[in-house]
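Its first residue numbered 22, the sequence shown is counted upward by one per residue in this note's numbering.
Cβ coordinates follow ideal geometry from the N, Cα and C atoms, glycine included.
A short write-up of the structure that comes next.
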Amino acid sequence: MGLTKKGDPFLSITLTDRTGEIEARVWDRAEEFSSIFAEGDVLDVVGYANSFRNQIQVTLSSLSVAEDGGDPTLFLETTPKDVSSMMTSLRAILRQTKDSHLKTLIDMFLSDRGFVALLKKAPAAKTFHHSYLGGLLEHTHSVCEMSKAVAEHYPELDKDLLMAGAFLHDIGKLKELKFDRVIDYTDEGRLLGHLILGVAMVDEKVSAIKGFPKGLSLRLKHLILSHHGQYEFGSPKRPKFLEAFALHLIDDLDAKMNGLGRFMEKDRQEGAWTDFNRLFERYFLKEGISAKGTGRDAVPSEEERQEVLFRR
């Protein structure tokens with residue numbers, strides 16, 4: 022809720038579906054409408070689009086909570102990549118693991134139907150990178166692919182250890198995030214975070230594997246705890262061996278390429294440069310950048326977004 026210059030209340034709402042989001046305003050009966058819905062509710066809305074500060078904005082004349090909540094996948098963005106193909110490829114990459122203990126650990130996770138079902142659906146983050154359904158699988162698959170290439174380029178790396186770390190580094194996000202109607206943090210996520218949760222998940226499986234080397238378990242848990250790289254980025258430990266350092270760099274690269282690519286695709290500034298990016302503290306040159314170059318499908322125009330939002 023806000024107040025106009027005349028002191029009249031108005032309601033500001035962000036409407037979303039799987040195609041993106043659009044800002045909306047309620048100027049009349051704002052207080053009445055604000056009391057009938059909560060964040061994450063599916064709404065039936067009526068309104069018209071207009072331009073405000075070079076952005077499309079919708080003025081709503083009525084809204085109500087939809088009786089049928091509908092399929093959450095209609096309202097949350099999903100990965101543009103084929104989930105089944107990514108899962109098949111991930112299994113094939115991990116099947117190359119030679120260390121018997123790591124192979125057993127990986128197989129225990131991949132044979133856990135509940136784990137796999139969540140992995141195929143979960144986002145990798147609430148915001149910035151891979152923050153959509155299927156995003157965690159997309160990110161995990163990408164990090165595993167890059168880790169395989171890096172390990173083959175640098176033979177001094179323990180390929181099996183790096184690949185296991187790449188696969189398991191973000192599994193705690195399955196418990197850190199909830200994603201039924203909106204992507205948000207669970208109580209476990211806010212209190213513990215996905216690094217601690219991930220280590221606990223690995224510990225549970227490792228304890229069931231007879232003779233799993235203590236030193237190997239220690240290194241695997243360090244990979245998870247240190248992959249953010251720095252204390253200020255949430256890692257309780259900084260990387261302290263080659264595979265941990267490599268995993269941090271690979272994870273950081275994949276996250277930033279996805280997050281920055283999405284920012285540039287969604288930018289609506291005219292001209293060759295994006296709007297100012299607060300996270301990176303700079304403007305980015307977008308001239309000549311296409312959706313193909315960022316690995317994501319083209320973002321619909323504002324007119325197309327508005328049409329989809331009001332098609333129902």
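Residue from the options whose Cα sits closest to the Cα of residue i
i: Arg39; options: Leu95, Ile57 and Asp205; result: Leu95
i: Gly28; options: Thr37, Phe130, Asp49 and Glu42; result: Asp49
i: Asp62; options: Ser132, Arg240 and Val86; result: Val86
i: Glu52; options: Leu64, Glu42, Ser33 and Arg202; result: Ser33
i: Asp272; options: Pro30, Met167, Ser121 and Pro144; result: Met167
i: Lys147; options: Ser106, Phe200, Leu306 and Glu253; result: Phe200
i: His344; options: Asp224, His162, Ser72 and Lys231; result: Not covered by the structure: residue 344. The range shown for the chain is 22 to 333.
i: Val79; options: Phe54, Thr35 and Leu239; result: Thr35
i: Asn279; options: Ser228, Thr100 and Phe266; result: Thr100
i: Leu300; options: Gln117, Gly219, Thr25 and His150; result: His150
i: Pro257; options: Val220, Val137, Leu97 and Phe73; result: Val220
i: Val203; options: Lys231, Leu97 and Asn298; result: Leu97
i: Ala113; options: Leu131, His122, Phe54 and Ser121; result: Leu131
i: Ala143; options: Asp205, Ile230, Asn298 and Glu264; result: Asp205
i: Ala115; options: Val137, Ala138, Asp133 and Lys169; result: Residue identity check: residue 115 is Leu in the sequence provided, not Ala. Per the Cα distances, Lys169.
i: Ser72; options: Phe305, Arg289, Ala138 and Ala293; result: Arg289
Cβ neighbour criterion (16 or more within 10 Å) applied to residue i
i: Val164; result: buried
i: Ser152; result: buried
i: Val303; result: Note that residue 303 corresponds to Arg in the displayed sequence, not to Val. So Arg303 ends up on the exposed side.
i: Glu197; result: buried
i: Gly23; result: exposed
i: Leu239; result: exposed
i: Arg283; result: buried
i: Gly135; result: exposed
i: Glu291; result: exposed
i: Gly250; result: buried
i: Gly314; result: Confidence in Gly314 is poor, its pLDDT being 43 and thus under 50, which makes the residue's placement unreliable; the coordinate value appears in the next sentence. By the 10 Å Cβ count, Gly314 comes out exposed.
i: Glu264; result: buried
i: Leu212; result: exposed
i: Ser247; result: buried
i: Ala293; result: exposed
Own chain, CB closer than 7 Å to residue i, minus 5 neighbours either side, in chain order
i: Lys180; result: Ala172
i: Pro176; result: none
i: Lys141; result: Val104, Met108, Gly155 and Leu158
i: Ser110; result: His162
i: Phe54; result: Leu32, Val47 and Leu84
i: Ile230; result: His122, Thr125 and Leu126
Cut-off 6 Å between Cβ atoms - residues of its own chain near residue i, not counting five sequence neighbours on either side
i: Leu81; result: Ala45, Val47, Val66 and Gly68
i: Lys226; result: Leu126 and Met129
i: Lys307; result: Met285 and Thr295
i: Thr207; result: Lys199
i: Asp120; result: Asp181
i: Met222; result: Ile192
i: Ala145; result: His151, Gly156, Leu157 and His160
i: Tyr252; result: none
Anticipated Cβ contact below 8 Å, residue i with residue j, distance rounded
i: Leu268; j: Leu183; result: 6 Å
i: Leu241; j: Gly186; result: 6 Å
i: Gly255; j: Gly214; result: 7 Å
i: Asp275; j: His160; result: 6 Å
i: Phe233; j: His122; result: 5 Å
i: Glu209; j: Leu218; result: 6 Å
i: Leu281; j: Ile245; result: So it is not a contact: roughly 25 Å between Cβ atoms.
Nonlocal neighbours in the same chain, by C-beta distance under 8 Å from residue i, ignoring five residues either side
i: Leu64; result: Leu36, Phe58, Leu84, Ser85, Val86 and Ala87
i: Lys102; result: Gly155 and Glu159
i: Phe266; result: Pro260
i: Phe31; result: Met22, Gly23, Leu24, Thr25, Arg46, Val47, Trp48 and Ala51
i: Thr118; result: Lys124, Ile127, Asp181, Met184 and Ala185
i: Lys277; result: His150
i: Leu139; result: Leu195
i: Gly236; result: none
i: Phe262; result: Arg240 and His243
i: Glu106; result: According to the sequence provided, residue 106 is Ser. The question's Glu does not apply to it. No residues qualify anywhere along the chain.
Check: residue i C-beta below 7 Å from any heavy atom of the ligand NAP
i: Lys147; result: In the structure shown, the ligand NAP is absent, as is every other ligand, since no ligand is present at all.
### Ordered list of alpha helix (DSSP H) runs contained in the stretch 112-141, each at least 4 residues
Fully enclosed alpha helix (DSSP H) runs of 4 or longer: 121-131.
### Query
Taking only runs of the alpha helix (DSSP H) that begin and end inside the stretch 171-249, which ones reach a length of at least 4 residues, in chain order?
Complete alpha helix (DSSP H) runs here, min 4: 180-189, 194-197, 208-212, 215-227 and 235-247.
#### Entry: Completely contained beta strand (DSSP E) runs for the stretch 40-83, where each covers 3 or more residues
Unbroken beta strand (DSSP E) stretches of 3 residues or longer found wholly inside the stretch 40-83: 41-47 and 64-73, given in chain order.
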